[in-house]
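Student: Before we start, here is the structure in question, set down as structure tokens.
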Amino acid sequence: RASDVLQFRRKAELYERKTGRRPDRLLMVTPYIDEKALEAARQLGIEVYTKV
Numbered sequence: 003r004a005s006d007v008l009q010f011r012r013k014a015e016l017y018e019r020k021t022g023r024r025p026d027r028l029l030m031v032t033p034y035i036d037e038k039a040l041e042a043a044r045q046l047g048i049e050v051y052t053k054v
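Letter by letter, the sequence shown follows residues 3 to 54 in this note's numbering.
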């Protein structure tokens, strides 16, 4: 779901605030992702892997 992608992004921002380090890259590994979530991930710069 797109909301899961947004929640993941917020967790990355929390990590940055708490540690002072920005993550080098954000990636999600999932067996399935719907089109809205995939588009949200692209807009936020999150890499998505579905066929591992």
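Where is the CB? At the ideal position from N, CA and C, for every residue including glycine. Note that this is a predicted model, so its numbers are computed, not measured.
May I have the straight-line CA-CA distance separating residue 27 from residue 14, to the nearest angstrom?
Tutor: Stepping through the sequence shown from its first residue, residue 27 is reached at position 25. Stepping through the sequence shown from its first residue, residue 14 is reached at position 12. Distance between the alpha carbons of residue 27 and residue 14 is about 10 Å.
Student: Residues bridged to residue 51 by DSSP?
Tutor: Translated into the one-based positions of the sequence shown, residue 51 becomes position 49. Answer by DSSP bridge pairing, in chain order: 31.
Student: Within a Cβ cutoff of 7 Å, which residues of the same chain sit near residue 8, ignoring the five residues on either side of it in sequence?
Tutor: As a position in the sequence shown, residue 8 is number 6, starting the count at 1. Excluding its 5 nearest sequence neighbours in each direction, residue 8 has C-beta neighbours in its own chain below 7 Å: 42, listed in chain order.
Student: Are the CB atoms of residue 50 and residue 40 within a distance shorter than 8 Å?
Tutor: Stepping through the sequence shown from its first residue, residue 40 is reached at position 38. Stepping through the sequence shown from its first residue, residue 50 is reached at position 48. For residue 40 and residue 50, yes; Cβs fall inside 8 Å.
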